[in-house]
Structure formats: C-alpha cells, structure tokens
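**Q**
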Amino acid sequence: MVHIGIADTMFARYDMAKDVIDVLEEFTGRVTYERYTVPGIKDLPVAALKLFEEKDCDIVIALGMPGPKAYDKMSAQVASTMIGQCQLMVRKHIIEVFVHEDEGENDRHLKQIMKDRARKHAYNAVYLLLDPAWLTARAGTGTRQGQEDAGPVNA
Amino acid sequence: MVHIGIADTMFARYDMAKDVIDVLEEFTGRVTYERYTVPGIKDLPVAALKLFEEKDCDIVIALGMPGPKAYDKMSAQVASTMIGQCQLMVRKHIIEVFVHEDEGENDRHLKQIMKDRARKHAYNAVYLLLDPAWLTARAGTGTRQGQEDAGPVNA
Amino acid sequence: MVHIGIADTMFARYDMAKDVIDVLEEFTGRVTYERYTVPGIKDLPVAALKLFEEKDCDIVIALGMPGPKAYDKMSAQVASTMIGQCQLMVRKHIIEVFVHEDEGENDRHLKQIMKDRARKHAYNAVYLLLDPAWLTARAGTGTRQGQEDAGPVNA
Amino acid sequence: MVHIGIADTMFARYDMAKDVIDVLEEFTGRVTYERYTVPGIKDLPVAALKLFEEKDCDIVIALGMPGPKAYDKMSAQVASTMIGQCQLMVRKHIIEVFVHEDEGENDRHLKQIMKDRARKHAYNAVYLLLDPAWLTARAGTGTRQGQEDAGPVNA
Amino acid sequence: MVHIGIADTMFARYDMAKDVIDVLEEFTGRVTYERYTVPGIKDLPVAALKLFEEKDCDIVIALGMPGPKAYDKMSAQVASTMIGQCQLMVRKHIIEVFVHEDEGENDRHLKQIMKDRARKHAYNAVYLLLDPAWLTARAGTGTRQGQEDAGPVNA
Numbered sequence: 313m314v315h316i317g318i319a320d321t322m323f324a325r326y327d328m329a330k331d332v333i334d335v336l337e338e339f340t341g342r343v344t345y346e347r348y349t350v351p352g353i354k355d356l357p358v359a360a361l362k363l364f365e366e367k368d369c370d371i372v373i374a375l376g377m378p379g380p381k382a383y384d385k386m387s388a389q390v391a392s393t394m395i396g397q398c399q400l401m402v403r404k405h406i407i408e409v410f411v412h413e414d415e416g417e418n419d420r421h422l423k424q425i426m427k428d429r430a431r432k433h434a435y436n437a438v439y440l441l442l443d444p445a446w447l448t449a450r451a452g453t454g455t456r457q458g459q460e461d462a463g464p465v466n467a
Numbered sequence: 313m314v315h316i317g318i319a320d321t322m323f324a325r326y327d328m329a330k331d332v333i334d335v336l337e338e339f340t341g342r343v344t345y346e347r348y349t350v351p352g353i354k355d356l357p358v359a360a361l362k363l364f365e366e367k368d369c370d371i372v373i374a375l376g377m378p379g380p381k382a383y384d385k386m387s388a389q390v391a392s393t394m395i396g397q398c399q400l401m402v403r404k405h406i407i408e409v410f411v412h413e414d415e416g417e418n419d420r421h422l423k424q425i426m427k428d429r430a431r432k433h434a435y436n437a438v439y440l441l442l443d444p445a446w447l448t449a450r451a452g453t454g455t456r457q458g459q460e461d462a463g464p465v466n467a
Numbered sequence: 313m314v315h316i317g318i319a320d321t322m323f324a325r326y327d328m329a330k331d332v333i334d335v336l337e338e339f340t341g342r343v344t345y346e347r348y349t350v351p352g353i354k355d356l357p358v359a360a361l362k363l364f365e366e367k368d369c370d371i372v373i374a375l376g377m378p379g380p381k382a383y384d385k386m387s388a389q390v391a392s393t394m395i396g397q398c399q400l401m402v403r404k405h406i407i408e409v410f411v412h413e414d415e416g417e418n419d420r421h422l423k424q425i426m427k428d429r430a431r432k433h434a435y436n437a438v439y440l441l442l443d444p445a446w447l448t449a450r451a452g453t454g455t456r457q458g459q460e461d462a463g464p465v466n467a
Numbered sequence: 313m314v315h316i317g318i319a320d321t322m323f324a325r326y327d328m329a330k331d332v333i334d335v336l337e338e339f340t341g342r343v344t345y346e347r348y349t350v351p352g353i354k355d356l357p358v359a360a361l362k363l364f365e366e367k368d369c370d371i372v373i374a375l376g377m378p379g380p381k382a383y384d385k386m387s388a389q390v391a392s393t394m395i396g397q398c399q400l401m402v403r404k405h406i407i408e409v410f411v412h413e414d415e416g417e418n419d420r421h422l423k424q425i426m427k428d429r430a431r432k433h434a435y436n437a438v439y440l441l442l443d444p445a446w447l448t449a450r451a452g453t454g455t456r457q458g459q460e461d462a463g464p465v466n467a
Numbered sequence: 313m314v315h316i317g318i319a320d321t322m323f324a325r326y327d328m329a330k331d332v333i334d335v336l337e338e339f340t341g342r343v344t345y346e347r348y349t350v351p352g353i354k355d356l357p358v359a360a361l362k363l364f365e366e367k368d369c370d371i372v373i374a375l376g377m378p379g380p381k382a383y384d385k386m387s388a389q390v391a392s393t394m395i396g397q398c399q400l401m402v403r404k405h406i407i408e409v410f411v412h413e414d415e416g417e418n419d420r421h422l423k424q425i426m427k428d429r430a431r432k433h434a435y436n437a438v439y440l441l442l443d444p445a446w447l448t449a450r451a452g453t454g455t456r457q458g459q460e461d462a463g464p465v466n467a
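Protein chains in written order, with our numbering: chain A, 313 to 467; chain B, 313 to 467; chain C, 313 to 467; chain D, 313 to 467; chain E, 313 to 467.
Put into structure tokens, the structure is as follows:
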C-alpha cells in the first residue's frame with residue numbers, strides 16, 4: 313500500500329486534482345491519497361513537504377498552472393527549483409504537473425492539456441512506486457504528457 | 313490561537329501591512345500578529361525566518377513591491393527563491409505578496425492592486441491555518457489576488 | 313554594543329567602504345566594525361559568512377559594483393542568491409549594497425549613486441540592530457538608496 | 313570495483329542508456345551498473361540521489377533531452393541546478409548528459425549527438441573513478457562530447 | 313604553509329592551470345598545491361568540495377571556459393551557483409576563474425584573457441590566505457583580471 317499526496321492551487325483554472333483522483337481510484341487497495349490546496353504555485357513546495365512529513369506520503373503530485381506573464385514564468389522557475397530542493401530533502405519524488413496557461417490556444421485546448429497531463433502523470437507516479445520497470449520499458453521513447461507522444465527519433 | 317508574522321519593506325510605495333492588519337483584526341481572539349520592516353525585498357527572507365524562529369509565528373505574510381527595472385526583476389527572483397528556501401527550512405508557509413511596480417498603469421491602479429492583493433492574501437493566510445478546506449473548495453477555480461478572478465476554463 | 317562587518321571588493325570602481333565607515337563612526341560607543349576585502353562580488357557571500365562566524369558580526373554590509381555585461385549581471389544574480397543563502401544559514405541580515413555600473417550615466421553620476429547608497433544603507437544596518445521601529449515608521453513610503461526617495465503612491 | 317548509476321527519462325527521444333551500457337560493458341570486472349528511469353529531466357536529481365543512497369553508486373550518469381521551448385529550457389536549468397545540489401550533498405560526481413532537442417538539425421543529427429555524447433561521457437565517468445590522470449592529461453584541450461573536439465586555442 | 317586546490321576542465325581550450333601553477337611556484341615554501349581535472353564546468357563544484365574535504369585544501373581555484381551558446385551560459389550560471397553553495401558549506405573561498413569563450417575576439421585574444429585572468433587570480437588566492445591586507449589596499453580601485461584595470465571612477 314502506498315500513500316500519494318496531491319498538492320494543488322486555487323490559481324489554476326481547471327481542477328486537475330479531480331483527474332488525478334480519478335486515476336488513483338483505479339488502484340484502490342494498493343493506493344491511498346490525500347489532497348492539500350494552496351493559493352498559488354510558489355506555495356506548492358512547502359505544501360509537498362508537509363504532505364511528506366506530516367502525512368507520510370510516499371510521493372507527491374504537484375499540480376499548477378503558471379500564468380502567461382514574465383513574472384508568472386519567474387514564479388514557475390522559483391516553484392520548480394524549490395520543488396527540486398524539497399525532493400532532495402525528503403529523498404522522494406514530487407511529480408510536477410505544471411501547465412503554462414499559454415500552452416493552450418484557447419480554454420478548450422488548455423483544459424485538454426491539463427486533463428491529459430494530470431492523468432498521465434498520475435499513472436507515472438503510481439508506476440514509479442509500484443512498478444518502476446514500467447518506466448524503464450518506455451525510456452528514450454519520447455513519451456509526453458499533455459500532448460501526443462513525440463516518439464523516438466526517426467533515424 | 314495562531315500567530316501571524318508580517319514582513320514588509322520601506323522600498324514599497326504603499327503600506328500593504330495596514331490592509332493586512334485590517335483583515336487580521338476581523339479574527340481577533342483567534343489570530344495575533346506582529347510586524348517587522350526591512351529596507352527592501354531581498355531582506356524579507358531572513359526577516360521571515362526571524363519571525364518564525366524568534367517570534368514563534370505560524371505563518372508569515374511577506375509584502376514587497378519589486379521595481380520596474382531589469383535588476384529589480386532579478387532582485388525579485390532572488391527574494392522569491394530565498395522565501396522558498398526559508399519555507400522548506402521551517403516547514404511553514406510564507407505567503408508572498410509581491411506587486412511589481414509596473415503591474416500598475418498609474419499610481420491609482422498600483423495602489424488598488426496592492427490593496428486588493430494584500431487583503432485577499434491575508435484571508436488566504438488565515439484560512440490556510442484555521443480552515444484549509446476553504447482553499448480546497450476553491451481549487452482550480454482561477455482565483456486571483458490584485459485583480460478580478462480569472463475563473464475556471466470556459467470549455 | 314553591536315559589531316558590523318563590511319565586505320567589499322577590488323573590482324568596484326569606488327571605495328564605498330569609506331562612506332560606510334564614515335557613517336558608522338557617528339555611532340562610536342554603540343557600534344564597532346571590521347572590514348574584509350575580496351576580489352569580486354561572487355566572493356562576497358563566503359566573506360560575509362566568515363565575518364559572522366569568525367569575527368562575531370551581528371550584521372554585514374556587502375558592497376559591490378556589478379559590471380555592465382550580460383555575464384556581469386549573471387554574476388550579480390549568483391552573488392545575491394548566495395548572499396540570501398548565507399543570511400538563512402546564520403539567521404542574520406546582510407545588507408546588500410550593489411550598484412550596477414550601468415546605473416551611472418557617467419563616472420560622476422556613478423560615484424554619486426555609490427556614495428549615497430552606501431551611506432543610506434549604513435544607517436539602515438545600524439537601525440535594524442539598534443532601533444527597528446525607525447524602519448517600521450518608514451514602511452511603504454517608497455524609500456530609496458542611491459537616488460531620491462520615490463515616495464508613496466500619489467492616489 | 314566501482315558501481316555506476318544510470319538515470320534516464322521516458323521524455324528523451326533516443327535511448328542513450330543503451331550506449332552508456334555498451335561502453336560500461338567494456339569494463340566488465342571493474343565496473344558494475346544499474347539503471348533507474350523517470351518521466352522527465354526534473355525527476356533526475358532525486359533519482360540520482362536514490363541511486364547513491366539506496367544503491368550505493370559511486371557515480372551517476374544522468375541522461376536527459378530538454379525540449380526546444382522556453383519552459384523546456386527553464387526545466388533544464390532547474391534540473392541542472394538540483395543535479396549540482398545533489399552532488400554537493402553526496403560528495404560524488406553526477407555526469408550530466410543533456411542534449412537539447414534543438415541541438416540537432418534533424419532526427420538523424422540529434423541521434424548522432426545523443427549517441428556520441430552518451431558514449432564519451434560514459435568513458436569520462438569510468439576514468440574519473442578508475443584513472444583520474446586520464447582527464448588531467450586532456451585538461452584545457454577543448455575536448456567535446458556530442459561533436460568533434462574543439463581543440464586548444466590556435467595561438 | 314597553505315594548500316591550494318586547482319580544479320580545471322577538459323572542455324576549456326587553454327590550459328590555465330599551467331599559469332596558475334607557474335604563479336604558485338613563486339611561493340614555494342609557503343604554498344603547496346594539487347590539481348583535479350573534470351570534464352566540464354558543471355563538474356567543478358563537487359571537484360572543489362573533494363579538494364577541500366579529501367585533500368585538505370585551504371582555498372580552491374576553479375578554472376573554466378563556458379562556451380558561447382545559450383545553454384553554455386546556463387551551464388555557467390548553474391556552475392557558479394553551486395560554486396557559491398560549496399563555499400558556504402565549507403566556509404572557504406573558491407576563486408572562480410571563468411573566461412567565456414566569446415570574450416575573446418579570436419583565439420589569440422582568448423588565450424591572452426585566459427592567461428592573464430588565471431595568473432592574476434592565482435595571486436588573489438595566495439594573498440587572500442597569506443596577506444589579506446594586500447586586497448584591502450586595492451578595495452574599490454576597479455581592479456580587473458583578464459584585461460587592464462578599469463581604475464577608480466574619474467570624478
């Protein structure tokens with residue numbers, strides 16, 4: 313049995329946690345989870361740390377949607393750096409699921425990316441814990457989340 | 313009873329702490345607070361650390377107004393990174409309330425953003441401590457501080 | 313009695329430490345100081361750490377003049393980040409007094425900025441230790457070092 | 313006998329680990345290895361840490377292919393920074409083998425770079441552990457991985 | 313007697329360590345040294361850490377030549393950041409001698425910069441340990457390595 317933390321934000325414009333939970337429910341009996349919501353992406357690193365230290369999570373899925381402006385990009389870089397720092401502190405993975413708002417051409421497209429990236433990374437988180445060979449079998453294959461797989465080099 | 317630290321700067325062109333305090337006064341009996349002022353945003357991270365370690369704060373609200381020039385942006389990135397580092401050291405949230413001076417089209421607009429962002433994040437800080445479910449109920453809804461909510465994707 | 317460290321560089325084109333010392337001498341009897349010079353700004357963070365740990369300083373004033381080129385800007389960012397890291401390690405303030413060489417329109421202007429910023433931050437350092445209320449009284453007022461105060465928003 | 317960790321990603325579009333393993337097999341009897349695959353480059357730092365701490369690796373080769381977009385570049389910077397942090401934590405080398413997707417003019421070229429860089433860095437990793445003088449003999453000679461050597465300055 | 317570490321790379325196109333050693337030999341009887349070569353600049357921080365912790369160095373001179381492309385610049389920033397982190401860990405100076413390949417207008421100029429910067433910083437490293445007043449005497453004078461001194465402001 314593994315315990316998965318979900319950290320998400322009020323800032324994001326789509327509720328990716330619902331999709332993550334939908335995937336995790338497929339693994340009932342082997343996976344439990346809990347959720348912690350914060351205002352924005354820069355609040356995610358310590359939220360993840362709390363999920364690890366106070367809630368005994370084995371992995372955390374960190375969901376965020378950086379905005380399109382220059383200082384949003386800077387916030388994303390700070391958040392990612394500290395998510396990296398947190399992982400080294402606890403020796404556990406945080407699967408960062410960030411969708412930049414300007415990745416979407418419109419709201420419909422943005423939602424589609426967020427849904428797809430959240431679901432696929434939920435599987436990645438589960439398999440990292442329960443079946444790491446699943447990932448090795450896909451190493452170097454151009455696997456993508458939020459879009460079609462790029463596939464391996466065609467050469 | 314929770315104790316909230318307010319760290320702010322002489323550099324900022326509007327006294328956001330007053331608005332934060334105004335909100336916190338609504339919670340008298342459940343919330344106490346104290347304030348520590350430093351010269352500029354790069355002085356905020358250790359100010360927050362002192363509020364946690366020397367004043368037993370449960371959360372810190374860090375108020376700053378980065379200037380419009382390239383090196384001001386760099387200062388903001390350094391300050392945010394170290395605010396992130398501080399949170400991981402103490403395992404507690406710092407709610408960063410930064411308003412870039414060039415977010416405002418004029419002084420009137422700048423003040424309006426600063427006031428709104430400070431007040432809304434003061435509520436966020438209180439609810440993170442006293443009622444975290446309040447935030448989860450708003451997860452993925454495009455909540456904003458300093459401007460109108462963006463709202464969820466319309467798709 | 314407080315002990316103030318001054319860390320400065322051979323790279324800078326004006327001796328800001330002299331101005332800092334001139335201000336600190338006004339506080340004789342309440343303030344002592346010592347100085348440590350390094351080649352450039354990236355050497356300042358560990359210089360500050362040594363002033364704290366080997367010389368028992370209560371605060372450090374770090375004086376530097378980043379050059380105008382892209383890699384000088386990068387050096388400034390690295391130096392500022394590590395100055396931030398050092399503060400969190402020792403739980404004490406480092407007042408960073410950086411003047412970018414291209415802030416000055418000419419040598420005369422550059423010197424004027426460096427002199428003014430160094431002197432005003434020397435007062436900031438002293439008051440942070442001896443009279444923190446002095447800073448709170450100026451919170452949110454658009455106080456500047458190296459130029460005229462910007463003043464509060466006019467709205 | 314030294315033990316080498318290989319950390320790689322599903323995101324990369326070519327399986328560089330195969331080339332690394334091919335090189336390491338030349339050192340059978342003196343080198344053992346194991347592999348750990350993660351979704352993308354930001355997952356590599358903690359993967360490396362786990363290879364050091366849970367699998368007793370003496371060095372880790374971290375294989376990744378950052379994408380061509382601005383946020384891919386940002387991910388690469390975060391990943392590299394945390395790979396640096398991890399090395400300082402464990403006091404051991406991580407040989408970072410990153411090939412930016414846009415280094416390749418086409419798939420054929422990209423594969424050629426990835427193959428060459430992976431193989432050459434596999435030798436570097438082995439010699440760092442088994443024969444450091446091999447590297448000193450090549451100091452300052454403009455050695456490259458993923459392309460022809462630049463060679464020493466011609467002056 | 314002080315012990316100086318020299319960390320350098322195979323990537324650089326000129327052997328700066330030879331010039332550093334040439335300078336250090338002038339101090340025979342007061343200075344000893346040793347050298348450690350790694351593939352590229354991102355390998356320098358942990359190389360320096362090993363020189364401090366495994367070889368008891370009192371200071372390290374880190375020699376590198378970042379390439380001219382955008383990702384080379386990013387590597388330089390990561391390397392410098394981690395060189396800064398390493399200094400704070402060990403409480404000792406690392407004198408970073410980086411020459412960006414595009415500082416040189418041609419190979420001849422590049423070599424001249426590398427030679428000059430390496431030699432001058434070798435003196436800086438020695439004097440930081442043996443005669444710190446030598447540096448203070450030059451504080452704020454616009455001292456440069458790799459080019460003519462800029463000199464103090466002319467105002």
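C-beta atoms are modelled at their ideal positions from N, C-alpha and C, and glycine is treated no differently. The model shown is predicted, which means the values in this text are computed figures rather than measured ones.
Does the beta-carbon of residue 389(D) have 16 or more other beta-carbons within 10 angstroms, so that it is buried, or is it exposed?
**A** Along the fourth sequence, one-based indexing puts residue 389(D) at 77. Burial call: buried.
**Q** Pop quiz: residue 345(C) and residue 316(C) are said to be a contact at Cβ under 8 Å. What is the actual Cβ separation, rounded to whole angstroms?
**A** Here residue 345(C) refers to the residue found at position 33 when the third sequence is read from its first residue. Here residue 316(C) refers to the residue found at position 4 when the third sequence is read from its first residue. Confirmed, about 4 Å.
**Q** Mapping DSSP to helix, strand and coil, what is residue 315(C)?
**A** As a position in the third sequence, residue 315(C) is number 3, starting the count at 1. Strand at residue 315(C).
**Q** Output the residue ranges of the alpha helix (DSSP H) runs that lie fully inside the segment 440-467 of chain A and measure 4 residues or longer, sorted by chain position.
**A** 444-448
**Q** Classify residue 393(C): buried if its beta carbon has 16 or more other beta carbons within 10 angstroms, exposed otherwise.
**A** For the purposes of this step, residue 393(C) is taken as residue 81 along the third sequence, with counting starting at 1. Under a 10 Å Cβ-count criterion, residue 393(C) is classified as buried, with 16 or more other Cβ atoms of the shown protein chains found around its own Cβ.
**Q** What residue from 453(A), 313(A) and 391(A) has the CA that sits closest to residue 319(A)'s CA?
**A** Residue 319(A) sits at position 7 when you count from the first residue of the first sequence. Closest option to residue 319(A), Cα to Cα, is 391(A).
**Q** Below 8 Å between beta carbons is the criterion; list the residues of the segment 380-397 of chain A that meet it against any residue of chain B, in chain order.
**A** Going along the segment 380-397 of chain A in chain order, one finds 382, 383, 386, 387, 389, 390, 391, 393, 394 and 397 with a Cβ nearer than 8 Å to chain B.
**Q** Can you find a CB in chain A that lies within less than 8 Å of the CB of residue 452(B)?
**A** Position 140 of the second sequence holds residue 452(B). With a threshold of 8 Å between beta carbons, residue 452(B) makes contact with chain A.
**Q** Taking 7 Å as the cut-off, does the CB of residue 339(A) come closer than this to any heavy atom belonging to the ligand SAM?
**A** Inclusion of the ligand SAM in the displayed structure is not the case, the ligand content being empty and no account of it being possible.
**Q** If we cut at 8 Å on Cβ distances, does residue 434(C) have a partner in chain B?
**A** The residue labelled residue 434(C) in the question sits at position 122 within the third sequence. No, no contact with chain B.
**Q** Do residue 371(D) and residue 441(D) have their C-beta atoms closer together than 8 Å?
**A** Counting from one through the fourth sequence, the residue named residue 371(D) turns up at place 59. Counting from one through the fourth sequence, the residue named residue 441(D) turns up at place 129. Yes, the Cβ-Cβ distance between residue 371(D) and residue 441(D) is below 8 Å.
**Q** Just confirm the distance between the C-beta atoms of residue 474(C) and residue 431(C), as a whole number of angstroms; I'd bet it's less than 8 Å.
**A** One cannot answer for residue 474(C) here, as it falls past the ends of chain C, which runs 313 to 467.
**Q** For residue 413(A) versus residue 377(A), is the C-beta distance shorter than 8 Å?
**A** Residue numbering aside, residue 413(A) sits at position 101 when the first sequence is read from its first letter. Residue numbering aside, residue 377(A) sits at position 65 when the first sequence is read from its first letter. Yes, the pair counts as a contact, with Cβ atoms nearer than the cut-off.
**Q** Which chain D residues are close to residue 459(A), counting only those with a beta carbon under 9 Å from its beta carbon?
**A** Residue 459(A) sits at position 147 when you count from the first residue of the first sequence. Chain D residues near residue 459(A): none, gap ~11 Å exceeds 9 Å.
**Q** I believe residue 395(D) touches residue 360(D) by the beta-carbon criterion, under 8 Å. Please report the beta-carbon distance rounded to the nearest angstrom.
**A** In the fourth sequence, residue 395(D) corresponds to position 83, counting from 1. In the fourth sequence, residue 360(D) corresponds to position 48, counting from 1. Between residue 360(D) and residue 395(D) the Cβ distance is about 7 Å, and since that is below 8 Å, they are a contact.
**Q** Can you pull the chain E residues whose beta carbon is under 7 Å from the beta carbon of residue 326(C), in chain order?
**A** Counting from 1 along the third sequence, the entry for residue 326(C) is found at position 14. What residue 326(C) touches in chain E: 452, 464 and 465.
**Q** Could you tell me whether the Cβ of residue 321(B) comes closer than 8 Å to any Cβ of chain C?
**A** Residue numbering aside, residue 321(B) sits at position 9 when the second sequence is read from its first letter. Taking 8 Å as the CB threshold, residue 321(B) lines the interface with chain C.
**Q** Of the choices 466(E), 314(E) and 324(E), whose alpha-carbon is the least far from that of residue 453(D)?
**A** Looking up residue 453(D) in the fourth sequence gives position 141. Ranking the options by Cα distance to residue 453(D), first place goes to 324(E).
**Q** Measure the C-alpha to C-alpha separation of residue 405(D) and residue 382(B) and round it to an integer number of angstroms.
**A** For the purposes of this step, residue 405(D) is identified with residue 93 of the fourth sequence, where counting begins at 1. For the purposes of this step, residue 382(B) is identified with residue 70 of the second sequence, where counting begins at 1. Each residue's Cα considered, the two are about 35 Å apart.
**Q** Keeping to the same chain, check which residues put their C-beta closer than 8 Å to that of residue 459(C); ignore five residues upstream and five downstream.
**A** For the purposes of this step, residue 459(C) is taken as residue 147 along the third sequence, with counting starting at 1. Within the same chain, residue 459(C) has close Cβ partners 425 and 428.
**Q** List the endpoints of the continuous beta strand (DSSP E) containing residue 376(D).
**A** Locating residue 376(D) in the fourth sequence gives position 64, counting from the first residue. Run containing residue 376(D): 371-376, per the beta strand (DSSP E) assignment.
**Q** Return the residues of the segment 400-428 of chain D that lie within a Cβ-Cβ distance of less than 9 Å from chain E, sorted by chain order.
**A** 400, 402, 403, 404, 405, 406, 407, 408, 410, 412 and 415
**Q** Once DSSP output is grouped into helix, strand and coil, what is the label at residue 429(B)?
**A** In the second sequence, counting from the first residue as 1, residue 429(B) sits at position 117. If DSSP states are grouped into helix, strand and coil, residue 429(B) belongs with the helices.
**Q** Short of 9 Å Cβ to Cβ, which residues in the segment 338-367 of chain B face chain C?
**A** Result list: 347, 348, 349, 350, 351, 352, 354, 355, 357, 358, 359, 361, 362, 365 and 366.
**Q** Quick one: list the residues of chain A neighbouring residue 447(B), beta-carbon separation under 8 Å, in chain order.
**A** Your numbering for residue 447(B) matches position 135 in the second sequence. Neighbours of residue 447(B) on chain A, chain order: 322, 349, 350 and 351.
**Q** Work out the CA separation of residue 379(C) and residue 409(C) for me, nearest whole Å.
**A** The sequence position of residue 409(C) within the third sequence is 97, counting from 1. The sequence position of residue 379(C) within the third sequence is 67, counting from 1. Going by the C-alpha atoms only, they are around 14 Å apart.
**Q** Rounded to the nearest angstrom, what separates residue 350(C) and residue 457(E) at their Cα positions?
**A** Along the third sequence, one-based indexing puts residue 350(C) at 38. Along the fifth sequence, one-based indexing puts residue 457(E) at 145. For the pair residue 350(C) and residue 457(E), the Cα-to-Cα distance works out to about 13 Å.
**Q** With a cut-off of 8 Å, does the C-beta of residue 329(E) fall near any C-beta of chain D?
**A** For the purposes of this step, residue 329(E) is taken as residue 17 along the fifth sequence, with counting starting at 1. Yes, residue 329(E) counts as interfacial toward chain D.
**Q** Considering only residues of the same chain and omitting the five flanking positions on each side of residue 455(A), which have a CB-CB separation below 6 Å?
**A** As a working mapping, residue 455(A) is identified with position 143 in the first sequence. So the list reads 461, once near-sequence residues are dropped.
**Q** Starting from the C-beta of residue 436(D), find all residues in its chain whose C-beta is less than 8 Å away, skip the five residues before and the five after it, and write them out in chain order.
**A** Walking along the fourth sequence from the start, residue 436(D) turns up at place 124. These residues qualify, in order along the chain: 407, 447 and 457.
**Q** Quick check on the burial criterion: 16 or more other C-beta atoms within 10 angstroms. Buried or exposed for residue 321(C)?
**A** Position 9 of the third sequence, counted from the first residue, corresponds to residue 321(C). Counting Cβ neighbours within 10 Å, residue 321(C) comes out buried, since at least 16 surround it.
**Q** What are the boundary residues of the beta strand (DSSP E) that includes residue 297(E)?
**A** Outside the shown range of chain E, which is 313 to 467, sits residue 297(E), and nothing can be said about it.
**Q** Quick check on this structure: which residue in 356(A), 434(A), 418(A) and 465(A) has the alpha carbon closest to the alpha carbon of residue 420(D)?
**A** Within the fourth sequence, residue 420(D) is the residue found at index 108, counting from 1. The shortest Cα separation from residue 420(D) among 356(A), 434(A), 418(A) and 465(A) belongs to 465(A).
**Q** Tell me the residue span of the beta strand (DSSP E) that contains residue 409(C).
**A** Taking the third sequence and counting its residues from 1, the one referred to as residue 409(C) is at position 97. Run containing residue 409(C): 406-410, per the beta strand (DSSP E) assignment.
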